[in-house]
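Working notes, structure below.
Protein chains: 2
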Amino acid sequence: MQRAEPQEFRTVLSSMCTEPHPAAREAAERFLATNPGDPATYRSVAELEAQTVAALGDLVGLADPRGYVASGGTEANIQAVRAARNRGDAAAPNVVAPESVHFSFHKAAELLGVELRLAPVDDEHRADPAAMRNLADEDTVLVAGVAGTTEYGRVDPIPEIAALGAEVDALVHVDAAWGGFVLPFTDHEWNFEHAAIDTMTVDPHKLGRAAIPAGGFLARERATLDALAVETPYLESPEQATLTGTRSGAGVASAAAVLDELWPGGYREQYERLQELAGWLAAALDARGFEVVSPELPLVAARLPESLFEALRERGWRISRTAAGELRIVCMPHVTRESLAGFLADLDDLRGASEQT
Amino acid sequence: MQRAEPQEFRTVLSSMCTEPHPAAREAAERFLATNPGDPATYRSVAELEAQTVAALGDLVGLADPRGYVASGGTEANIQAVRAARNRGDAAAPNVVAPESVHFSFHKAAELLGVELRLAPVDDEHRADPAAMRNLADEDTVLVAGVAGTTEYGRVDPIPEIAALGAEVDALVHVDAAWGGFVLPFTDHEWNFEHAAIDTMTVDPHKLGRAAIPAGGFLARERATLDALAVETPYLESPEQATLTGTRSGAGVASAAAVLDELWPGGYREQYERLQELAGWLAAALDARGFEVVSPELPLVAARLPESLFEALRERGWRISRTAAGELRIVCMPHVTRESLAGFLADLDDLRGASEQT
Chain U
1 MQRAEPQEFR
11 TVLSSMCTEP
21 HPAAREAAER
31 FLATNPGDPA
41 TYRSVAELEA
51 QTVAALGDLV
61 GLADPRGYVA
71 SGGTEANIQA
81 VRAARNRGDA
91 AAPNVVAPES
101 VHFSFHKAAE
111 LLGVELRLAP
121 VDDEHRADPA
131 AMRNLADEDT
141 VLVAGVAGTT
151 EYGRVDPIPE
161 IAALGAEVDA
171 LVHVDAAWGG
181 FVLPFTDHEW
191 NFEHAAIDTM
201 TVDPHKLGRA
211 AIPAGGFLAR
221 ERATLDALAV
231 ETPYLESPEQ
241 ATLTGTRSGA
251 GVASAAAVLD
261 ELWPGGYREQ
271 YERLQELAGW
281 LAAALDARGF
291 EVVSPELPLV
301 AARLPESLFE
311 ALRERGWRIS
321 RTAAGELRIV
331 CMPHVTRESL
341 AGFLADLDDL
351 RGASEQT
Chain H
358 MQRAEPQEFR
368 TVLSSMCTEP
378 HPAAREAAER
388 FLATNPGDPA
398 TYRSVAELEA
408 QTVAALGDLV
418 GLADPRGYVA
428 SGGTEANIQA
438 VRAARNRGDA
448 AAPNVVAPES
458 VHFSFHKAAE
468 LLGVELRLAP
478 VDDEHRADPA
488 AMRNLADEDT
498 VLVAGVAGTT
508 EYGRVDPIPE
518 IAALGAEVDA
528 LVHVDAAWGG
538 FVLPFTDHEW
548 NFEHAAIDTM
558 TVDPHKLGRA
568 AIPAGGFLAR
578 ERATLDALAV
588 ETPYLESPEQ
598 ATLTGTRSGA
608 GVASAAAVLD
618 ELWPGGYREQ
628 YERLQELAGW
638 LAAALDARGF
648 EVVSPELPLV
658 AARLPESLFE
668 ALRERGWRIS
678 RTAAGELRIV
688 CMPHVTRESL
698 AGFLADLDDL
708 RGASEQT
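Which chain is which? The protein sequence lines are U and H, in order.
Under our numbering, the residues of the first sequence are numbered 1 to 357, in order.
Under our numbering, the residues of the second sequence are numbered 358 to 714, in order.
Take a look at the structure:
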């Protein structure tokens, strides 16, 4: 078999994953053969998971967090919907969310037999609490907002969404899978201290620079975790609240290590660099006459002709589109001014060529 | 933070996880920063996943397999139940399985709103197709058997279970999460060639010696995968059939590497060594007067007094119990005659001490 090589990160501009921090990589390699899903056998990695949950609590303003290191944001979002379904007593439960929620909510709804009611967003791509209010009723078990949307990096008005949850007696979930590691350094109101939210998704393996798989599911109350637990015969721990069984100790150990290394100062520096980079890229695209969605967080969307987008992909740039068709560039830690300059040079080259034909 | 260290495998006797093969570890470390959940961006690891699925097809007698590398056996079992629920048209769907199924079936049933009907097993801890037949009806969407049970390593009569599936017009699933990498070297009838089964769980990260997370979900028909797919806006691939979103490229690459290295000769040698080891341990426990469940596959269960079990755990042995209370030792690749001799020496020492008091 010819030896396969991983992709180069230099050309990856659309992923919400990145190169792990060196401390994360070292810990992942060292704990590769551990399973936090069996905490009585793999004790030291189970302790690292408890440390990670505590550190994530600090990140999101929750003093006594319940939760665990999930396989990723999809699992954490599924678990939020599942906990709300199980804690609620609706015969035909529904979840109300902005249409900007990650597609894992569609997956969760299909999986769990819950109706997903999506409200239109406002002109700035943010959740509109009034539109969400119109969809909520006595069978609403969860209202959700996003703190750092996948397509535009927008932060929904979380306090208003939490107020809606209180009004209709539903749990409140915030998906900060991507945004959670930059939002602490902004003025946004998005976390457990800012609003009466019940659960949160916050992924170390995105902007937290842990190794995949290291997502995060956090809950304010123990009852939320209890609503997810199943019994575990033949394991020497009595029950399991996770969606998966065997789990990656590499992900857990890497998250513990990188949080210890970077929180908070290192993450602040990272945020400042990436936000500046996004602003620079947005200005560069704007100067070239493209319509740009201004970057609230380090994510830039801009409207490019389809043919130009395709030509850039053919040159090897790993870029993707929003549902509305805009180019979408995520300024992750591996993205540099240099790589973006190379991208812009190709873009200019292709435009010049197209103008000459 | 004091540097944490992973557990030593020398004392781990109850886990179905193990140390990855060196080829698996090398590949996992090299592909740590890849995400097969985004195949258009992370192309080389997506190709490794296709190779892995093809190799697993070879292992389980399926020429044109559909499927993917899952987070583990729990995900694969959930997906089997989900696909059956979605492909069936029962208003109140149920799944019929022996009571020996892994607890992930309970998780799947709770998650998916499906009734789990468990049939008693026979005196040898194997599924009883007649008892299963009594539980099946027109709302049965799936019948399941286990090829290598978690507690006793038993192989259910898969052809008879498949016949029941055909009779009641239900899909047929085989959970070979643990057994799949030893069964090819036995006379058991358990795979896609032996019976009309629809889906299978077979985990490279157990006896396949891949790195966690590398489970396997395989299906005979494309329609089964289609029944799991959701649309994926903003990814440059149209849909996603996996339960999770971002996935571990380390697990995928490690599975591809170790299958290339060990299938079939290396796995055959491993099976022969582990089966011989299990027989030796069973004889040693029997000679000491304990009631032993004979090892059909490399897993030994034996009835020990509760106090002796607890004392062995206190000496650092990572052992676990069946639901019926028997000691359960899984002869995984990291388990050696030497480590088991150490365990028996501690056992003899503790019995001697207890007889003196």
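Glycine included, C-beta positions come from ideal geometry on N, C-alpha and C.
- Assignment of beta-bridge partners to residue 35 of chain U by DSSP yields no partner.
- Closest option to residue 395 of chain H, judged by alpha-carbon separation, among U/117, U/318, U/180, U/119: U/318.
- Per DSSP, residue 416 of chain H is one residue of the alpha helix (DSSP H) stretching across 400-416.
- Rounded to the nearest angstrom, the gap between the Cα atoms of residue 485 of chain H and residue 477 of chain H is 7 Å.
- For the region 451-480 of chain H, the set of positions with a beta-carbon nearer than 9 Å to some beta-carbon of chain U reads 459, 460, 461, 463, 464, 467, 468, 469, 470 in chain order.
- Chain-order list of chain H residues neighbouring residue 48 of chain U: 361, by C-beta distance under 9 Å.
- For residue 133 of chain U, the enclosing alpha helix (DSSP H) covers residues 129-135.
- With the rule of 3 Cβ pairs closer than 8 Å, the region 198-216 of chain U counts as touching the region 601-609 of chain H.
- Rounded to the nearest angstrom, the gap between the Cα atoms of residue 557 of chain H and residue 34 of chain U is 25 Å.
- Secondary structure at residue 677 of chain H: strand, using DSSP grouped into helix, strand and coil.
- Partner residues in the beta bridge of residue 572 of chain H, as assigned by DSSP, are H/427.
- Taken atom to atom, the span from the alpha-carbon of residue 523 of chain H to that of residue 261 of chain U is near 57 Å.
- Closest by C-alpha distance to residue 104 of chain U, out of U/150, U/225, U/56, U/222, is U/150.
- At a C-beta separation below 9 Å, residue 422 of chain H has no neighbours in chain U, since its nearest C-beta there lies roughly 18 Å away.
- Among the residues of chain U, none has a CB under 8 Å from the CB of residue 526 of chain H; the nearest is roughly 22 Å distant.
- Residue range 497-503 is occupied by the beta strand (DSSP E) that includes residue 497 of chain H.
- Scanning chain U for C-beta atoms nearer than 7 Å to the C-beta of residue 622 of chain H yields nothing, as the closest lies near 15 Å away.
- For residue 158 of chain U, there is no enclosing beta strand (DSSP E); the residue is part of the alpha helix (DSSP H) that begins and ends at 158-168.
- Using beta-carbon distances, residue 377 of chain H counts as an interface residue toward chain U, with a partner under 9 Å.
- Around the CB of residue 283 of chain U, fewer than 16 other CB atoms lie within 10 Å, so the residue is classed as exposed.
- Judged by their CB atoms, residue 217 of chain U and residue 67 of chain U are nearer to each other than the 9 Å cut-off.
- In this structure the region 16-23 of chain U lies against the region 330-347 of chain U, because at least three pairs of beta carbons, one per stretch, are closer than 8 Å.
- As the crow flies, the alpha-carbon of residue 682 of chain H is around 12 Å from that of residue 650 of chain H.
- Annotation for residue 545 of chain H: no alpha helix (DSSP H) segment contains it, and DSSP assigns it neither H nor E.
- Sequence-distant Cβ neighbours of residue 80 of chain U in its own chain, meaning closer than 6 Å and more than five residues away, are 173, 199.
- With fewer than 16 other CB atoms across the displayed protein chains lying within 10 angstroms of its CB, residue 491 of chain H is exposed.
- The beta-carbon of residue 318 of chain U is placed less than 9 Å from the nearest beta-carbon of chain H.
- Spanning the alpha carbons of residue 411 of chain H and residue 455 of chain H requires a straight line of approximately 29 Å.
- Residue burial is scored here from C-beta neighbours: residue 72 of chain U has at least 16 other C-beta atoms within 10 angstroms and is therefore classed as buried.
- C-alpha of residue 340 of chain U to C-alpha of residue 10 of chain U: approximately 9 Å in a straight line.
- For residue 582 of chain H, the enclosing alpha helix (DSSP H) begins and ends at 579-583.
- Residue 500 of chain H is not a Cβ neighbour of residue 533 of chain H, given a cutoff of 9 Å.
- The three-state secondary structure of residue 368 of chain H, taken from DSSP, is helix.
- Counting of Cβ neighbours within 10 angstroms places residue 560 of chain H among the buried residues, the total reaching 16 or more.
- By the criterion of a C-beta distance shorter than 7 Å, residue 77 of chain U is surrounded in its chain by 102, 104, 105, 108, 175, 201, once the five residues flanking it on both sides are discounted.
- Residues are counted here when their Cβ sits less than 9 Å from a Cβ of chain U; for the region 586-608 of chain H these are 587, 588, 589, 590, 591, 592, 593, 597, 599, 600, 601, 602, 603, 604, 605, 606, 607, 608, given in chain order.
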